Amino acid sequence: MQVIRDSDLTKSAQPTAVSIGVYDGVHVGHQEVLRQLLVRAEHLGVVPAVVTFDRHPALVLRPQNAPLLLNTLEQKLELLERAGIEYVYLVEFSPDRAHTAPTDFVRQVFVDSLQASCVVVGEDFHFGKGREGNVDLLEKLGMEMGFEVQGLQLVHHHHAWPEPVSSTAVRRALAGGDVRTATTMLGRYHETRGTVVPGDRRGMGIGFPTANIAVSMEMAMPADAVYAGWYTRPDSTRYMAAINIGRRPTFYEHAQQSLLEAHLLDFEDDLYGSEAKVEFVELLRSEHRFDGIEALVKQLHVDVDQAREVLTAEPADK
Numbered sequence: 060m061q062v063i064r065d066s067d068l069t070k071s072a073q074p075t076a077v078s079i080g081v082y083d084g085v086h087v088g089h090q091e092v093l094r095q096l097l098v099r100a101e102h103l104g105v106v107p108a109v110v111t112f113d114r115h116p117a118l119v120l121r122p123q124n125a126p127l128l129l130n131t132l133e134q135k136l137e138l139l140e141r142a143g144i145e146y147v148y149l150v151e152f153s154p155d156r157a158h159t160a161p162t163d164f165v166r167q168v169f170v171d172s173l174q175a176s177c178v179v180v181g182e183d184f185h186f187g188k189g190r191e192g193n194v195d196l197l198e199k200l201g202m203e204m205g206f207e208v209q210g211l212q213l214v215h216h217h218h219a220w221p222e223p224v225s226s227t228a229v230r231r232a233l234a235g236g237d238v239r240t241a242t243t244m245l246g247r248y249h250e251t252r253g254t255v256v257p258g259d260r261r262g263m264g265i266g267f268p269t270a271n272i273a274v275s276m277e278m279a280m281p282a283d284a285v286y287a288g289w290y291t292r293p294d295s296t297r298y299m300a301a302i303n304i305g306r307r308p309t310f311y312e313h314a315q316q317s318l319l320e321a322h323l324l325d326f327e328d329d330l331y332g333s334e335a336k337v338e339f340v341e342l343l344r345s346e347h348r349f350d351g352i353e354a355l356v357k358q359l360h361v362d363v364d365q366a367r368e369v370l371t372a373e374p375a376d377k
């Protein structure tokens with residue numbers, strides 16, 4: 060997959076069929092847009108391309124209210140490549156870019172750079188200064204500039220669920236600890252990435268060593284609780300894990316922030332300094348304070364047994 064950066068002003072080697080969006084999470088709604096994009100690209104004999112952003116636009120436009128992110132830019136590009144996208148035009152979002160008029164944006168990006176034959180977007184798509192651009196405007200510009208437009212209905216993750224799949228809905232599920240619903244909407248387990256950092260080694264002292272994973276404060280995390288999940292090392296080996304997100308109230312009464320800790324099942328090695336990928340499969344229990352170490356250790360044994368039971372029945376890669 061070729062990544063074309065805004066500053067490069069590079070023209071794609073071939074005409075394209077294009078989609079555009081933040082693509083935070085690359086959830087099943089996004090995936091349906093991408094699927095339709097690939098179908099249209101094949102029909103027209105052009106290559107599939109996506110226009111997306113190097114950061115969430117809200118981080119520039121309203122940083123105080125910007126949403127937590129479902130994936131890093133690296134993850135997003137990996138997911139787009141996995142979906143079959145051949146070109147990504149990466150908009151370097153800035154206050155100046157935010158003030159680009161929709162018509163200018165379409166001409167610069169879709170026409171001059173990507174030679175778009177077709178644009179495929181969701182029916183609620185908006186773009187450009189003040190979100191003035193929409194599907195109707197795209198269709199009008201397409202007739203003037205020589206590309207067709209396909210607006211797609213939004214996807215629902217369940218026939219009885221009134222709300223369409225969205226990045227906001229995924230974040231809401233994670234905030235409630237409902238990682239199963241998040242999995243359904245994402246089409247895969249929610250994955251968090253970070254670096255293993257030294258902790259206070261309390262887990263090791265009670266027989267349950269954990270990898271303490273530093274995660275950017277910009278990333279969306281499930282609610283404080285204990286989860287069953289998968290831990291992937293840099294060499295792609297995967298381990299069952301009992302994962303705790305929380306402030307460890309048994310040890311700390313007034314912790315300032317939640318930590319992500321993963322206890323790898325059937326594993327003994329040093330993980331410090333390595334990169335980790337953690338996927339959340341199922342909520343096991345909420346976090347709470349125990350009356351002493353003995354009660355905590357007893358519960359940790361239960362957590363590990365439940366995690367093993369859940370994960371034995373789950374695919375390691377979803």
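For the sequence shown, my numbering begins at 60 and goes up steadily by one.
Idealized CB from N, CA, C, for every residue including glycine.
Note that the structure is a prediction, hence the values are computed from the model and not measured.
Using CA coordinates, which residue listed in I302, S275, Y286 and C177 is at the minimum distance from D237? Y286
Residue from A241, G246, E368 and A234 whose Cα sits closest to the Cα of A300: E368
With which residues is P298 paired in a DSSP beta bridge? Looking at the sequence shown, residue 298 is not Pro but Tyr. Beta-bridge pairing links Y298 to Y290.
Beta carbon of L384, beta carbon of A270: below 8 Å? Any question about residue 384 goes unanswered here, given that the chain covers just 60 to 377.
Alpha carbon to alpha carbon, what distance is there between G332 and S317? 20 Å
Could you pull out every unbroken beta strand (DSSP E) segment of at least 3 residues lying fully inside the stretch 161-240, listed in chain order? 175-181 and 207-211
With DSSP run on the structure shown, which of helix, strand or coil describes L324? coil
What are the boundary residues of the alpha helix (DSSP H) that includes A335? Per DSSP, A335 belongs to no alpha helix (DSSP H); it is in the beta strand (DSSP E), E334 to S345.
When the distance is taken between beta carbons, is D283 closer than 8 Å to G253? no
Secondary structure at M280, three-state DSSP: helix, strand or coil? coil
Where does H360 land, buried or exposed, given buried means 16+ other C-beta within 10 angstroms? exposed
How about the stretch 124-138 and the stretch 160-167: do they share at least three Cβ pairs that are nearer than 8 Å? no
How big is the Cα-Cα spacing for M60 and E140? 6 Å
By how many angstroms is the C-alpha of V85 removed from the C-alpha of V340? 18 Å
Can you tell which of V147, V274, R156 and R247 has the C-alpha that lies nearest to the C-alpha of A76? V147
CA nearest to the CA of R247, picked from I63, V87, V208 and G104: V87
Spatial neighbours of Q209 in its chain, beta-carbon cut-off 8 Å, leaving aside the 5 residues before and after: Q95, R99, C177, V178, V179 and V180
Is it true that the CB of A335 sits closer than 8 Å to the CB of Y290? yes
On the premise that T111 lies in contact with T149, defined as a C-beta separation below 8 Å, what is that separation, rounded to the nearest angstrom? Sequence check: residue 149 is Leu here, not Thr. Contact holds; Cβ gap of about 6 Å.
Identify which residue in H115, V109 and V119 has its Cα closest to the Cα of Q144. Residue identity check: residue 144 is Ile in the sequence provided, not Gln. Looking at the Cα atoms, V109 is the closest of the given residues.
If you run the structure through DSSP and keep just helix, strand and coil, what is I272? strand
Just grab the DSSP bridge partners of F112 for me. V150
Could you have a look at R64 and say whether DSSP puts it in helix, strand or coil? strand
Residue ranges of each alpha helix (DSSP H) within the stretch 124-148, 4 or longer: 132-141
Beta-carbon within less than 7 Å of V214's beta-carbon, same chain only, minus the 5 sequence neighbours each way: which residues are those? V87, G88, E91, P223 and V224
Can you give me the C-alpha to C-alpha distance between L211 and V356, rounded to a whole angstrom? 52 Å
First and last residue of the beta strand (DSSP E) that includes G253? H249 to V256
Run through the DSSP bridge pairs and tell me what S78 is partnered with. V109
Helix, strand or coil for R121 per DSSP? coil
Which residues in the same chain as K135 place their Cβ atom closer than 8 Å to its Cβ, once the five residues preceding and following it in sequence are excluded? Y82, D83, V85 and T111
For M323, count neighbouring C-beta atoms within 10 Å of its own C-beta (all shown protein chains included) and say buried if the count is 16 or more, exposed if not. Sequence check: residue 323 is Leu here, not Met. Its Cβ being crowded by 16 or more others within 10 Å, L323 is buried.
Helix, strand or coil: which one does DSSP assign to F310? At F310, the pLDDT of 47 sits below 50, so the modelled position is not reliable; the number obtained from the coordinates is stated separately. Of the three classes helix, strand and coil, the one that applies to F310 here is coil, per DSSP.
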